[in-house]
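Taking it in order: structure first as structure tokens, then the write-up.
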Amino acid sequence: MKRTLTWWDLIWFGIGAVIGAGIFVLTGQEARDAAGPAVVVSYAVSGISAMLSVFCYTEFAVEIPVAGGSFAYLRVELGDFMAFIAAGNILLEYCIGGAAVARSWTSYFATLLDHHPNDFRIHAPSLAADYSRLDPIAVAVVLLICLFAVLSTKGSSRFNYVLSIVHLAVIAFIVVAGLTRARAANLTADFAPFGARGIFAASAVLFFAYIGFDAVSTMAEETRDPARDIPVGLVGAMALTTAVYCVLALVLCLMQPYSEIDPDAPFSVAFTAAGMDWAKYIVAFGALKGMTTVLLVSAVGQARYLTHIARTHMVPPCLARVHPRFGTPVNATVAMAVATAAIALFTDLGILSNLLSISTLFIFMLVAVALLVRRYYVAGETPAADRNKLAACLAVIVASSVATAACWGAGGGAGWAAYAVTVAAWLAATLFLQCGVPKARAPRTWGVPLVPWLPAASIFINIFLLGSIDAASFVRFGVWTAALLAYYFLFGLHASYDTAKALAAEADAARVEEGARKAGAGA
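Residue numbering for the sequence shown follows our numbering, beginning at 99 and increasing consecutively.
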């Protein structure tokens, strides 16, 4: 693909990818029902988790600057099987996330025109309640974004600049105008009415608001100087996004008591309640701009994931085709857009956010594990004793994180003693990994600082947040994973094996030909 992007492009792509439906849709729901004004802390917790994952993604994107994102990273370090499971969940995340944003786009468009969202949807009473409101506007938006993503990556970047700048201007308006109607008593009267459990439960759901930054790492193949541009672009975008989210949540909670915050259009209703009904149109306009950029960057990123998977023949290789004129993966972009549009047509937003968070937290945990494997293990070079120590440390880090999350999810009946044991085990395993296992590889240009502590912390916090997600989402996650396993063992495994075998045969033939040529020259 064409190398046309700089760190400036990546920062704006990152902002465009992340700041969208999450802040405008989920903040009210979580503030009213889960965290209260402490939703500000929930956003900070989710932001810390996302930032730790950003560091891990950044090192991989610099060291392996190809379009496959986490699929490519996990394939190199953990093998085809884990990479395929991860990639399937990432593609699910993109499709469901894009569909959710597209349906939210319709809702805010209706608000802008003083209509109820269902006025623009077709009711199909024969379908289940969560799938009965057909949304043709969401489908049209997804397909138009697909067309723009097909035509040009650089053009998409310029379009994203304009939309992101307008979006940030609207956010600045919300902050300034909202603070003129702020009442400190709304924040301090009952800051955390649902306690720590509510804060972390909200953090797990609000992670949806940070989904999208990994799409930027898929653009490494199109970045001019990955070693410089990717760290600046990814870390800069995530730091700015976290700050914006916390400030917006703070302003909302200052404007209204948490119990009066509207769960569907919190900012618009807050301005109406404060006597600034005209401001809801600016808020709706800004929300539309933000969701449009999220859809655009999602369309660009998800196509590059699918392109890289298709290059391995785990999915049909025709999806890897890059258009000779536009330099973009046309087939993959269209395929993902069709899948996203189909989900957007039928599915209600309310059933999607937890499934999005669970699949994303799972992927980010795997990427952190893969980074530790990359630093401490090189096939054919690392002694068996060091490899076994690494495996034991990783097992304890993951197991102690799971145990901590399980205790939290079960209600903490065992008290603080259980947490003291699990956290101590995590600390001991991470410390032994630092002191007792030699590193096998150092990054060539840019690397995650404080290894193994930052990747181990990423594993811990991602798994801990999983413990706050409801059981029904884990059931859906299990069903999707089972479907992926069936596809992989019936089709993907054989196709990728045949491709690898053919490439090995070509390499052997090339070596034989080269040897014959040298022998002929010697004679």
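C-beta: ideal position from N, C-alpha, C; glycine also.
Which residue wins for smallest C-alpha separation from Gly478, given the options Ala287, Ala184 and Ala538?
To locate residue 478, count along the sequence shown from 1; it is residue 380. Taking only the C-alpha atoms, the option nearest Gly478 is Ala538.
How about Ala236 and Leu454: are their beta carbons less than 9 Å apart?
As a first step, residue 236 is located in the sequence shown; it is residue number 138 there, counting from the start. As a first step, residue 454 is located in the sequence shown; it is residue number 356 there, counting from the start. It is not a contact, given that the beta carbons lie outside the stated cut-off.
Where do the N-terminal and C-terminal ends of the alpha helix (DSSP H) with Arg322 fall, by residue?
The sequence position of residue 322 within the sequence shown is 224, counting from 1. Premise fails: Arg322 is in no alpha helix (DSSP H) and is neither H nor E.
For the alpha helix (DSSP H) that contains Gln354, what are its first and last residues?
Here residue 354 corresponds to residue number 256 of the sequence shown, with the count starting at 1. First-last for Gln354: undefined, no H or E at that position.
How big is the Cα-Cα spacing for Trp110 and Ala275?
Taking the first residue of the sequence shown as 1, we reach residue 110 at position 12. Taking the first residue of the sequence shown as 1, we reach residue 275 at position 177. If you take the alpha carbons of Trp110 and Ala275, they lie about 25 Å apart.
Helix, strand or coil, according to DSSP, for Arg281 in the structure here?
The sequence position of residue 281 within the sequence shown is 183, counting from 1. In the structure shown, Arg281 sits in coil (DSSP, three-state: anything other than H, G, I, E or B).
In chain order, what are the residue ranges of uninterrupted alpha helix (DSSP H) at least 4 long that sit wholly in the segment 520–580?
The segment 520–580 contains these whole alpha helix (DSSP H) runs: 551–564.
Could you pull the DSSP bridge partners for Ile220 from this structure?
As a working mapping, residue 220 is identified with position 122 in the sequence shown. Partner(s): Leu232.
If we call anything under 9 Å between Cβ atoms a contact, is Val143 one with Ala307?
Translated into positions along the sequence shown, residue 143 becomes position 45. Translated into positions along the sequence shown, residue 307 becomes position 209. In this structure, Ala307 does not lie closer than 9 Å to Val143 by Cβ.
Whole-angstrom Cβ separation of Arg409 and Glu175, contact assumed at under 8 Å?
To locate residue 409, count along the sequence shown from 1; it is residue 311. To locate residue 175, count along the sequence shown from 1; it is residue 77. Not really, about 18 Å apart at Cβ, beyond 8 Å.
From His265 to Leu548, what does the alpha carbon distance come to, in whole angstroms?
Numbered from its first residue, the sequence shown carries residue 265 at position 167. Numbered from its first residue, the sequence shown carries residue 548 at position 450. Taking the straight line joining both Cα atoms gives about 35 Å.
Ordered along the chain, which non-local residues of its own chain (more than five positions away) have a Cβ less than 7 Å from that of Met244?
If you number the sequence shown from 1, residue 244 lands on position 146. First, the amino acid is wrong: residue 244 is Cys here, not Met. If we look at Cys244 and ignore the five residues flanking it on each side, its Cβ neighbours are Ala397, Thr431, Val432 and Ala435.
Pop quiz: Ala299 and Ser566 are said to be a contact at Cβ under 8 Å. What is the actual Cβ separation, rounded to whole angstroms?
By 1-based counting over the sequence shown, the position of residue 299 is 201. By 1-based counting over the sequence shown, the position of residue 566 is 468. That pair is a contact at about 5 Å.
Could you check what DSSP says for Leu266 in three-state terms: helix, strand or coil?
Mapped onto the sequence shown, residue 266 falls at position 168. Helix at Leu266.
Using only the alpha-carbon positions, how far apart do Ala608 and Ala580 sit?
By 1-based counting over the sequence shown, the position of residue 608 is 510. By 1-based counting over the sequence shown, the position of residue 580 is 482. Residue placement at Ala608 is poorly supported in this model, since its pLDDT is 42, which falls under 50; the coordinates still yield a value, given next. Distance between the alpha carbons of Ala608 and Ala580: 40 Å.
Could you compute how far the alpha carbon of Leu348 sits from the alpha carbon of Val138?
In the sequence shown, residue 348 corresponds to position 250, counting from 1. In the sequence shown, residue 138 corresponds to position 40, counting from 1. Cα-Cα distance, rounded: 6 Å.
With DSSP as the reference, label Leu417 as helix, strand or coil.
As a position in the sequence shown, residue 417 is number 319, starting the count at 1. Helix.
Where DSSP assigns a beta bridge to Leu103, which residues make up the other side?
Here residue 103 is taken as the residue at index 5 of the sequence shown, counted from 1. Its beta-bridge partners are Thr321.
Out of Val476, Ala401 and Val392, state which residue places its alpha-carbon closest to the alpha-carbon of Gly425.
As a working note, residue 425 is residue 327 in the sequence shown. When each option's Cα is compared against that of Gly425, the closest is Ala401.
Determine whether the beta carbon atoms of Phe305 and Leu459 lie at a separation below 9 Å.
In the sequence shown, residue 305 corresponds to position 207, counting from 1. In the sequence shown, residue 459 corresponds to position 361, counting from 1. Going by C-beta atoms, Phe305 is nearer than 9 Å to Leu459.
If distances are taken between C-alpha atoms only, which option among Ala302, Pro481 and Leu469 comes closest to Ser151?
Start at 1 with the first residue of the sequence shown, and residue 151 comes out as number 53. Ser151 has its Cα closest to that of Leu469, out of Ala302, Pro481 and Leu469.
According to DSSP, is His406 helix, strand or coil?
By one-based count along the sequence shown, residue 406 stands at place 308. Reduced to three states, the DSSP call for His406 is helix.
Nearest CA to the CA of Ala570: which residue from Gly114, Leu450 and Trp544?
Taking the sequence shown and counting its residues from 1, one reaches residue 570 at position 472. Nearest of Gly114, Leu450 and Trp544 to Ala570, Cα basis: Leu450.
With a threshold of 16 other CB atoms inside 10 Å of the CB of Arg231, please say whether the residue is buried or exposed.
Taking the first residue of the sequence shown as 1, we reach residue 231 at position 133. Buried, since its Cβ has 16 or more Cβ neighbours within 10 Å.
Ends of the alpha helix (DSSP H) at Ala483?
For the purposes of this step, residue 483 is taken as residue 385 along the sequence shown, with counting starting at 1. Counting along the chain, the alpha helix (DSSP H) containing Ala483 begins and ends at Ala482 to Gly507.
Could you check what DSSP says for Gly112 in three-state terms: helix, strand or coil?
Along the sequence shown, read from residue 1 onward, the residue named residue 112 stands at position 14. Three-state DSSP puts Gly112 in a helix.
Rounded C-beta distance between Leu404 and Leu417? I'm assuming under 8 Å.
Along the sequence shown, one-based indexing puts residue 404 at 306. Along the sequence shown, one-based indexing puts residue 417 at 319. Right, the Cβ-Cβ distance comes to about 6 Å (below 8 Å), so this counts as a contact.
I need the straight-line Cα distance from Ser301 to Gly373, nearest angstrom please.
Counted from its first residue, the sequence shown places residue 301 at position 203. Counted from its first residue, the sequence shown places residue 373 at position 275. So the two alpha carbons sit approximately 31 Å from each other.
I need the straight-line Cα distance from Gly498 to Ile297, nearest angstrom please.
Within the sequence shown, residue 498 is the residue found at index 400, counting from 1. Within the sequence shown, residue 297 is the residue found at index 199, counting from 1. What sits at residue 498 in the sequence shown is Ser, not Gly. Roughly 22 Å between the two C-alpha positions.
Starting from Val436, trace the alpha helix (DSSP H) in both directions and tell me its first and last residue.
Your numbering for residue 436 matches position 338 in the sequence shown. Counting along the chain, the alpha helix (DSSP H) containing Val436 begins and ends at Val428 to Phe444.
Taking contact to mean 3 or more Cβ pairs, one atom from each stretch, closer than 8 Å, check whether the segment 182–200 and the segment 378–395 are in contact.
The segment 182–200 is in contact with the segment 378–395.
For Val274, which of helix, strand or coil comes out of DSSP?
For the purposes of this step, residue 274 is identified with residue 176 of the sequence shown, where counting begins at 1. Three-state DSSP puts Val274 in a helix.
Is Phe462 near Ser147, with beta carbons less than 9 Å apart?
The residue you call residue 462 lines up with position 364 of the sequence shown. The residue you call residue 147 lines up with position 49 of the sequence shown. Yes, the Cβ-Cβ distance between Phe462 and Ser147 is below 9 Å.
Given a cut-off of 9 Å on the beta-carbon distance, is the pair Ala363 and Tyr206 in contact?
The residue you call residue 363 lines up with position 265 of the sequence shown. The residue you call residue 206 lines up with position 108 of the sequence shown. The answer is yes: Cβ separation under 9 Å.
Would you tell me roughly how many angstroms separate the C-alpha atoms of Phe383 and Val345, rounded to the nearest one?
Within the sequence shown, numbered from 1, the residue matching residue 383 stands at position 285. Within the sequence shown, numbered from 1, the residue matching residue 345 stands at position 247. Distance between the alpha carbons of Phe383 and Val345: 19 Å.
Tell me the rounded alpha-carbon separation between Ala522 and Val268.
By one-based count along the sequence shown, residue 522 stands at place 424. By one-based count along the sequence shown, residue 268 stands at place 170. Rounded to the nearest angstrom, the two C-alpha atoms are 46 Å apart.
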